[in-house]
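Number of protein chains: 2
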Amino acid sequence: MAGSLVPVVIEDGVVPGLEADRGLVTRKSTAERVAGVLRKRIAEGFFLPGGRLSEQDIGNALGVSRNTLREAFRLLTHERLLAHELNRGVFVRIPSVEDVVDIYRVRKIIECAAVRGLKAKPASFARIKEKVEIGDEAARTGNWKDLGTANVWFHQELAALSGSERVNELVGRLTAELRLVFHIMAEPRRFHERYLPRNHEILDRIEAGDGPGAEQLLLKYLDDAEEQLVGAYADRAEAARAAIAAE
Amino acid sequence: MAGSLVPVVIEDGVVPGLEADRGLVTRKSTAERVAGVLRKRIAEGFFLPGGRLSEQDIGNALGVSRNTLREAFRLLTHERLLAHELNRGVFVRIPSVEDVVDIYRVRKIIECAAVRGLKAKPASFARIKEKVEIGDEAARTGNWKDLGTANVWFHQELAALSGSERVNELVGRLTAELRLVFHIMAEPRRFHERYLPRNHEILDRIEAGDGPGAEQLLLKYLDDAEEQLVGAYADRAEAARAAIAAE
DNA sequence: CGGTAGGGATTGTTGAACAATTCCACAAGA
DNA sequence: TCTTGTGGAATTGTTCAACAATCCCTACCG
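Structural data, given as structure tokens:
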């Protein structure tokens, strides 16, 4: 019985299955934790696109010094969530229409490649299916906010099929950037709903092991989403910028 | 005559064609300039993988405060050029074998997609050809260092066919990371040379407008390069780590 | 030989200070 | 009325000094 508490050492001091807990031990610097908080706040719309983030105010609110806060700002600026203007401060970024087009350009490349090079991985299939079902449930209960996030997760799982850490990170950043776009659109309710049936279609192809088929559907999906988004976004983004200027 | 110096204002205070000069006015903060210097130094091998970057020493050498320097460190850590270990400092990163595999995984996705979706763009064709010729010249004169950088440029131009700002940035980061690998290998001389003929083959296909054909060659190219690199790298990386530990 | 208790060096973080720049309101002039 | 200075307040850019926390190494001790 007591044996179950003794680490199972195979050889060379390697304790298998323990590396997973590495993240729990790894402490993070204050700047990174602050960046995490701000990242979450931006994602949920607490800080709206175009808004300025005052060093003084946020520093006081979070109880960290300006220097530490500035390190956090650098991180988020690098992720394109904030825009840094010299001597003016940092602002929540307002993606341009060109940004949206470029984001979809990259998503098409990444997600389609991941789906096309499909390998049989039951574990990830389950995760994809799970995300689709979460989306269904959200739509049924009319929880539009959850529907949006479920859809994001669905696409992140698709990208994860590539099995690449860097791809996962990249897609995470792209979707975080897209969230800014949706905050400006301010009507994500109806936007995602229409794509629910397509999620199922894509999932079916994937489960059938039909990579190219899934890719074709996904590409059309992304093309349509981009077109719909870009069409409605052009004015909105400009209006958001104007609103900031006029405030 | 004097009229040519007068801004042509159409309406609403808009001066057309001037936005392009925006980048020239944009000053950079000290932290970004410092990051630029360090980035260059790392690329050229002045700071070798595994080496520690002392806040004190580098701060004194560059004449900037620790705070500013730390902002620069954050930037480069985010780019995976530096590794930040809490309370131990920042080190020039030693990519793992898994990193190399992942880098090539992403490169295959990105570069192949860019080449496949080939559109007729004479300007970029010329740029690609130029890079190939620079490589030829470097090989002829036995300038192995230049050969390596020319090869990097060649691939960056291929990726640029995608027409995506984000793809360009990503590929730039990946190749910067790969440079770390080559610094550890310490023998880039012969590595790139064997791929010169393939550069030409790929270029030919591209100029012929044969996207899929070029993609096929490029994929094989990257597979071979990865295999060769990974095979030789596994020991080297471990040796580099051990050397640091034993120093 | 292994463990451990210093102690020096380095990083983590803060707070204050000052310079540089922007912003805004207001006045002066065409 | 519109543009053009001109102050001063507010904010950012950067440095500096200080202290806490942590790591690393050495010497000591069982």
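Top line first, the protein sequences correspond to chains A and B. Throughout the first sequence, residue numbering follows my numbering, covering 102 to 348 in sequence. Throughout the second sequence, residue numbering follows my numbering, covering 102 to 348 in sequence. Glycine included, each C-beta is placed from N, C-alpha and C at the ideal position.
Item	Value
Would a check of beta-carbon distances place Gly-243(B) closer than 9 Å to chain A?	no
Give a yes or no on whether 9 Å exceeds the smallest Cβ distance from Val-331(B) to chain A.	no
So, do the region 262 to 277 of chain A and the region 235 to 242 of chain A have three or more beta carbon pairs nearer to each other than 8 Å?	no
Leu-187(B) touches chain A at which residues, Cβ-Cβ below 7 Å?	Arg-128 and Ser-130
Does any CB atom of chain A fall closer than 9 Å to the CB of Gly-314(B)?	no
According to DSSP, is Gly-314(B) part of a helix, a strand, or is it coil?	helix
Does DSSP put Val-165(B) in a helix, in a strand, or in coil?	coil
Output needed in chain order: residues of the region 256 to 270 of chain A with a Cβ under 8 Å from some Cβ in chain B.	Ser-263, Gly-264, Ser-265, Glu-266, Arg-267 and Val-268
Can you tell which of Asp-324(A), Leu-281(A) and Asn-300(A) has its C-alpha closest to the C-alpha of Glu-147(A)?	The displayed chain sequence assigns Phe, not Glu, to residue 147(A). The shortest C-alpha separation from Phe-147(A) is found at Leu-281(A).
Would you verify that the beta carbon of Val-110(A) is, or is not, closer than 9 Å to some beta carbon of chain B?	Per-residue confidence for Val-110(A) stands at a pLDDT of 43, beneath the threshold of 50, marking its modelled position as unreliable; the derived number appears in the next sentence. It does not; no Cβ of chain B falls within 9 Å.
Measure from the C-beta of Ala-214(B) to each C-beta in chain A and report whether the shortest distance is under 9 Å.	yes
For the pair the region 170 to 178 of chain A and the region 127 to 135 of chain A, tell me if three or more CB-CB distances fall below 8 Å.	yes
Should Leu-125(A) go down as buried or exposed, given a rule of 16 or more other Cβ atoms within 10 Å for buried?	Low per-residue confidence applies at Leu-125(A): pLDDT is 46, beneath 50, and the placement is therefore not dependable, though the value from the model is reported in the following sentence. By the neighbour-count rule (16 or more Cβ atoms within 10 Å), Leu-125(A) is not buried but exposed.
Should Val-207(A) be flagged as near chain B, meaning a C-beta pair shorter than 9 Å?	yes
If we count Cβ pairs, one from each stretch, closer than 8 Å, do we get three or more for the region 322 to 341 of chain A versus the region 193 to 202 of chain A?	yes
Quick one: which residues of the region 167 to 181 of chain A get their C-beta closer than 7 Å to a C-beta of chain B? List them in chain order.	Asn-168, Arg-171, Glu-172, Arg-175, Leu-176 and His-179
Indicate whether at least one CB of chain A lies closer than 9 Å to the CB of Leu-318(B).	no
Within a Cβ cutoff of 7 Å, which residues of the same chain sit near Leu-262(A), ignoring the five residues on either side of it in sequence?	Ala-215, Val-216, Leu-219 and Ser-225
Taking the alpha-carbon of Thr-250(A) as reference, which of Glu-212(A), Val-207(A) and Glu-294(A) has the nearest alpha-carbon?	Glu-294(A)
What's the C-alpha gap between Arg-194(B) and Pro-298(A)?	45 Å
My parser needs the beta strand (DSSP E) runs of 3 or more residues fully inside the region 141 to 192 of chain B; what are they?	183 to 186
Going by the beta-carbon positions, is the gap between Leu-351(A) and Glu-212(A) smaller than 9 Å?	Absent from the model: residue 351(A). The displayed extent of chain A is 102 to 348, so no value can be given.
Which residues in the same chain as Gly-160(A) place their Cβ atom closer than 7 Å to its Cβ, once the five residues preceding and following it in sequence are excluded?	Ser-166, Arg-167 and Leu-170
Return no unless some Cβ of chain A is closer than 9 Å to the Cβ of Asp-325(B).	no
For Ile-210(A) and chain B, any beta-carbon pair shorter than 9 Å?	yes
Are the C-beta atoms of Ile-204(B) and some chain A residue less than 9 Å apart?	yes
Excluding the 5 residues flanking Tyr-334(B) on each side, which residues of the same chain have their C-beta closer than 7 Å to its C-beta?	Val-198, Val-201, Val-282 and Met-286
Leaving out the 5 sequence neighbours to the left and right, which residues in its chain are closer than 6 Å to Val-253(A) when beta-carbon positions are compared?	Thr-276
Hey, how far is the Cα of Ala-103(B) from the Cα of Lys-321(B)?	With a pLDDT of 37 at Ala-103(B), under the threshold of 50, the modelled position of this residue cannot be trusted; read the value that follows with caution. Rounded to whole angstroms, Ala-103(B) to Lys-321(B) spans 59 Å at the Cα level.
Beta-carbon separation of His-179(A) and His-179(B) under 9 Å?	yes
Just how far apart, CA to CA, sit Asp-122(A) and Gly-312(B)?	The pLDDT assigned to Asp-122(A) is 48, lower than 50, so where the model puts this residue is not dependable, and the model offers no usable value.
Please state if the CB of Ile-143(A) and the CB of Leu-177(A) are separated by a distance shorter than 9 Å.	yes
Quick one: grab the DSSP three-state call for Thr-242(A).	coil
Compare the C-beta of Leu-139(A) with all C-beta atoms of chain B and state if any pair is closer than 9 Å.	no
Considering Ala-287(A), what are the terminal residues of the alpha helix (DSSP H) in which it resides?	It is not in any alpha helix (DSSP H) - Ala-287(A) carries neither H nor E in the DSSP assignment.
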